[in-house]
Every structure is written in C-alpha cells, then in structure tokens.
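When the sequence shown is numbered by the numbering used here, its final residue is 620 and no position is left out of the sequence of numbers.
Quick reminder that beta carbons are idealized off the backbone N, C-alpha and C, glycines included.
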Amino acid sequence: MENRVGVRLIAATLVLGLLPAPGVLAIEARIEGIEGSVADNIRHYLEGLDETQYSRTRLEGESRRRTAEAMRVYGYYEPQIEARLAEGEAPEYVELAIEPGPRVRIETLDFRLEGDAREDPPFQEAIDAFPLTVGEPLVHAPYDSLRGKLANLALERGYFEWRYADRRMEVRPFEESARLYLTLDSGPRYRFGDVAISGSHIELERLRRLLPFTPGDPYLAGELASFNQRLGQTEWFRSVTVRPRLQRPPLALEEAEPGWSQAVATDGEGSYELPPRLSGAALAGTAALMARQEEFPSVPIDVSVAPADRHQFEVGVGYVTDVGPRMRFSWEQPWINRYGHGLDHDLYLSAPEQRFGGLYTLPLDNPLRDSYRFQYGLSHKDNDDTRSLEATVEGARRWEFENGWIQHLYVRTTYEDFTQGSDSEQVLLLYPGVRWSRTRTRNPTFPTWGDRQQLSLEVSDGLWGSDADFLRLTGESRWIRKIGANNRVVTGVGVGAIETDDFSLIPPSLRFFAGGDNSVRGYGYESLSPRDDEGELTGGQQMFTYSLEWQHRMTGDWWGAAFVDTGDAFDDWGPDDLKTGAGLGVRWISPVGPIRLDIAHPFDDEDNSWRLHFAIGPEF
1 MENRVGVRLI AATLVLGLLP APGVLAIEAR IEGIEGSVAD NIRHYLEGLD ETQYSRTRLE
61 GESRRRTAEA MRVYGYYEPQ IEARLAEGEA PEYVELAIEP GPRVRIETLD FRLEGDARED
121 PPFQEAIDAF PLTVGEPLVH APYDSLRGKL ANLALERGYF EWRYADRRME VRPFEESARL
181 YLTLDSGPRY RFGDVAISGS HIELERLRRL LPFTPGDPYL AGELASFNQR LGQTEWFRSV
241 TVRPRLQRPP LALEEAEPGW SQAVATDGEG SYELPPRLSG AALAGTAALM ARQEEFPSVP
301 IDVSVAPADR HQFEVGVGYV TDVGPRMRFS WEQPWINRYG HGLDHDLYLS APEQRFGGLY
361 TLPLDNPLRD SYRFQYGLSH KDNDDTRSLE ATVEGARRWE FENGWIQHLY VRTTYEDFTQ
421 GSDSEQVLLL YPGVRWSRTR TRNPTFPTWG DRQQLSLEVS DGLWGSDADF LRLTGESRWI
481 RKIGANNRVV TGVGVGAIET DDFSLIPPSL RFFAGGDNSV RGYGYESLSP RDDEGELTGG
541 QQMFTYSLEW QHRMTGDWWG AAFVDTGDAF DDWGPDDLKT GAGLGVRWIS PVGPIRLDIA
601 HPFDDEDNSW RLHFAIGPEF
C-alpha cells in the first residue's frame, strides 16, 4: 500500500510539474499566410511565453524569432513576419502575418555506411526508409530521426566504436537548396564474450542454460534484455542486473614507493632502466585492446543477482456472490536448494468449500519451460446437494513450447467420500491425463486483447485398480478483443463430457455443474444440473456454456457492460432447451484489480427474477 501511495504522489508531482506555472502566458497565435503542420509548429513554439520577462516590443520580437525558428525546420528560411500583440498589459493573442517566401528543396542526399555495418541489413533498411527524396521540400525531422536511429542501432547491435565520419546539413537559402550528408563509421561489430555471474545461490550451470546466446554470437542488446527477463521469471532472485563490461582499466600502476628492485637499479654511479611495471588490470586492459584489433572483438557480460526471500507469505480476502466471503493464505518458497526446487502451499476458505494443497516443483534443463511437478490436496465441500471430502495426490511433467502452448502429462490419485443427491459412495480413483493450455494477454489486469484455450483428457480404468471406469473430456475457449478506443468484447465457450458405465461412482469433483458468476449469470452457483426424483441436483455427464459480453467505456476507468449467457449441465447431448440469462453490469478498474458488478435476469427461473453478481479480478 505504501508503494502505491508513493507512486501516486510521484505521479501527482509530475503532473503538477507539467502544469503552467502562475504568470505564464498561454498566448494564442492567430496566423495568416500559412496553415497545416507548419502553423501547428509555430503555435507549439509560442507556448509558454512569460509576459513578465518581456516588454511589448521584446515580446513581439521574441514571437517573430520563435516563428522563424519554427518555420526553418520545414524548409522556410526567408519568411517575412509581422507580429502584432493584442491590446492590454497581458495580451491574450499575437497576430502573425506571414509571407513564407521560397521553400528550400533537397539537392543532394548522400548517406553512407562504413565498417561492419555495411553488411548488417537493419542499417541499410533504415537509410532506405528515409521518407524524403531529391527535389522534395526540406524537413529537418526525418534527418534528425535517421541520425538517432542509426546511433541506436549501433549501440543495440554491438558497434561500440561507432562515430559519424560526416554529419552535415548544408542549406543555401539563396539557391533554395539543401545538401544532406551522413556517413556512419560503425567500426567492428562486437561479439558476446564470457558471462560472469555473481551473487547467485543457484548453481551457475542451471542459470547458463537460460542464456539466449552463446559466447561468440554477434552482440544484440535485446538478447541481454531477454536473459534479464528469463532470470526474473524464475522467481529465484530479488534483483537482476545484466550489462556489458565496456570500461577499460588503466594500463599502469600508480606511482609507488621505491622497492628493492628500484634500489638495486640505482645503486652506484651507473644507471639501469627497468621495464615498466604492469598490474593485473593493466594486463587485462592490454588483452582488451588486443581483442579490439581482432577480426571479431568481444565484450564480456556481467550478471549480478540477489536471492529472493526464501519464504514469502500472502493473504487475500475477497467476496463473490457465489460463495460469499472468501480468504486465501499462501506460503511460497521459490527456492529451497541450489537446484532451484520450489515448494508452495495454499489454503482457501469459503462457506461452501475449504481447500488446502501443496506443489513441489522440480525444474529441468530449461527451468522456465520444463519441470516435474508433485501436488497434493485436501478439500471439503458442502454446497446445496453436494457433500464431499476429497484427498488428491498428483505427479506431472510440464512442457512449455515456443508457441506459448503448455502441455501437462499427469497421473492423479483421488480418494473421495461423497454424497451427491441420492448417490453416496467412497471411491479410490487412479487416472492419467493430459492437458493443453495457452493464455495470451496484453495488459493482464484489464486486457485489451487476449485469449485463453484449454483442453484436457482423463482416463480411468479398473485394469490399474481404479474403482470407476470413465473417459472425461473438457474444453474451454475465452476471447477478449478491443474495438476502437472505448469498446471491448468478451466471449467464451465451455464444453465437457464424461463417458462411463456407472455414473453413480463418479465423484462430484468430476461431474459437471453450471450457473454462477463465471458461468451462466442469473442462476445460482452450480445450480444448473439434472435432478433426481426427489428434486436434488445430481450433476451432469455433459456440459455446455456460452457467454457474450459487450463493454463500453463510460468515463476514465469505468465501463458499462451488457451480456447474455446460456448453458446447462445435462445427461444427454442436445437438451431440449438451454438456460439463458441476460443483464447489465459495471466494470471499474480499481487499484486492486477490476471490480465487476452485474445484475442478471434468468429467463427460465420463475422463483428468482433478478440476481446480483459481484466479483473482483480479471476475466482470466
């Protein structure tokens, strides 16, 4: 909270610093004789004139000077400008009558590359993208932009000895011509040198596997940023710094007191010339200079890290309409040994459900993409017609692919003592499964673009000791797209199916229910499912849900929403009718995350005409 307050104070300070100070004249420029971008630039140059610093005569002169300067960058070097201030001690506007005169045009464009950059395509591409050609009016901005772009490319791509051998803009107003010269001498391109890592509590070889480059590859600043990001994503470190070592150490020792060697050399009448004394730093500097003369000089990379806290605790309190108040307590250990193994514990409490679980992560060669995961969990649920006590142990292998898809191959053992409607059983299940998922978002807190896909398949059979035979399939797809600056579409579909010979042995944790804040709004939490002869919920063998929501920004961080949801859980595909709800809502992007408030009307529930839904957190 303190950090958030500090950020807000800083932001407010910056905003206040950008506001015009008292006494600053926001003078209006009334321009005749020229328009468009040139006129806009004149107005920009005249902003913020301080009336207290000028007499009327000097204010008119300063207006003419700034106007001429604003026109010069568009190729007008000989304009005729008349400036007249409005009457009064504090004139509100200045009238500018402008005769622009002839416009300077480009006579010569001479852009060249020297050094290794001649063979590096991005440099030539930047030159080829120069928007002006010979004969066109001179505009300064593209030339300045090209200079900056070439300089940035040189630093980003390892040309640490770059310089401009020629950088000239020769303007001849009397000839109405301009000659533009730019020659970049890039020098040699440096290669990645050795990587030195300090401060790590994790074995260095495991960190080196995260390198996006190998020593000897051409230098790219983006690769260092990628390595920095990867180290941060491991959650092993509190801070990470990755930088090239470009400093050159001094080549000689500081002058010292005479030692025995100097004394011997100067003893007697003769003289003796000693060779210069060199330090280890001097030798390193000499080696660096020699490297610069090689065909491919290299730059060492220094990496400094600080271990993350070994124990991290987090407490969360929230409220949703479905379950009422809820609390979560987590205890995370991002590392427990030098191999980077992690251990997390999580406790969740709400009125209908309580859960406690743990996850042990064993990272492999690429700790960000590949790992073994061992999970356990205990849960108790008492909701409407569902009562369940469940214990679960799971072992999984995780892969994350380059395209962002994540694959989990797992084996799960579940013991569940449950009552669901008229079904009461105690079952021990052993079933393997596979799950594929991918989540993509821009601005995760309140995505302007994003989608989530998930597909899972699980199989249980008595052949390996499971009490129930089943094949279970689930799938989900949700999409967020922004239309224009003030409209947002959120849509999603979910499906599920169980194929089994004895549905009574399937525990509630595997059956399907619909309804609630994140399902079919307008209906209670998990209130949509088939019912037995006594009217109690049994859970479904299949499930289908669909949602479509349109959001429109009302003002600032406030959005309005209109939505329609439909779906149900059922025993046979193709139910006679799906349950549908529709309504209106409000979205507020608060400092703690998006807050959603919806009021929905269920079209197939005569007992409840309206239902309120409230939730905190992003859509996914």
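Membership of F544 in the beta strand (DSSP E) is indicated by the continuous run 542 to 555. Straight through space, the alpha carbons of A126 and F513 are spaced by roughly 58 Å.
Linking L409 to F356 through their CA atoms gives a straight-line distance of about 23 Å. Scanning the stretch 164 to 188 for uninterrupted beta strand (DSSP E) segments of 3 residues or longer gives 177 to 185, listed from N- to C-terminal end.
The C-alpha of T183 is placed about 41 Å away from the C-alpha of I27. One Cα belongs to E32, the other to D144, and the distance between them is close to 29 Å.
Considering only F374, S424, P325, D322, the residue with the shortest C-alpha distance to I506 is S424. Between H201 and the set G101, N337, G148, F192, the nearest pair of CA atoms involves N337. Here the C-alpha atom of P618 lies approximately 36 Å from the C-alpha atom of D532. Residue range 56 to 72 is occupied by the alpha helix (DSSP H) that includes R72. Excluding the 5 residues flanking it on each side, V592 has same chain C-beta neighbours closer than 8 Å at I616, in chain order. Counting along the chain, N383 sits inside the beta strand (DSSP E) bounded by residues 370 to 383.
DSSP, reduced to helix, strand and coil, places R338 outside both helices and strands of the structure shown, so it counts as coil. For the 8 Å CB-CB criterion, P530 and F470 do not form a contact. For G404, there is no enclosing beta strand (DSSP E), as DSSP marks it with neither H nor E.
Under the 10 Å beta carbon count, Y339 is surrounded by fewer than 16 other beta carbons and is classified as exposed.
Cα atoms of P297 and G193: separation of roughly 9 Å, rounded to the nearest angstrom. Counting only the Cα atoms, A485 lies some 16 Å from G450. Where G232 is concerned, the enclosing alpha helix (DSSP H) starts and stops at 221 to 233. The Cβ-Cβ distance between Y372 and R397 falls below 8 Å.
When beta bridges are read from the DSSP output, N487 appears opposite I483, H552. For E205, the three-state secondary structure derived from DSSP is helix. The DSSP-derived three-state label of H44 is helix. Judged by their CB atoms, L364 and D344 are not nearer to each other than the 8 Å cut-off. Contact check for P79 and G61: beta-carbon distance about 15 Å, past the 8 Å limit, so the pair fails to qualify.
Distance from the CA atom of E235 to the CA atom of L204, rounded to whole angstroms, is 15 Å.
Taking 8 Å as the upper bound for CB-CB distance, R105 and E176 are in contact here, some 6 Å apart.
By the Cβ rule, the stretch 496 to 504 does not count as touching the stretch 382 to 397, because fewer than three pairs are nearer than 8 Å. Of all alpha-carbon atoms in H140, K149, L109, the one lying nearest the alpha-carbon of T133 is that of L109.
Apart from sequence neighbours up to five positions away, the residues of its chain that approach E170 with a beta-carbon distance below 7 Å are A178, R179, ordered along the chain. Counting of Cβ neighbours within 10 angstroms places T448 among the exposed residues, the total staying below 16. Distance from N383 to E526 at the Cβ level is roughly 7 Å; contact confirmed, criterion being Cβ atoms closer than 8 Å. For the stretch 304 to 356, there is no continuous alpha helix (DSSP H) assignment of 4+ residues that stays within its boundaries. Sequence-distant partners of G135 (beyond 5 residues in either direction) whose C-beta falls short of 8 Å from its own C-beta, in its chain, are R105, I106.
Around the Cβ of I81, a 10 Å sphere holds 16 or more other Cβ atoms; the residue is buried.
Note: A569 is bridge-paired with M543 in the DSSP secondary-structure output.
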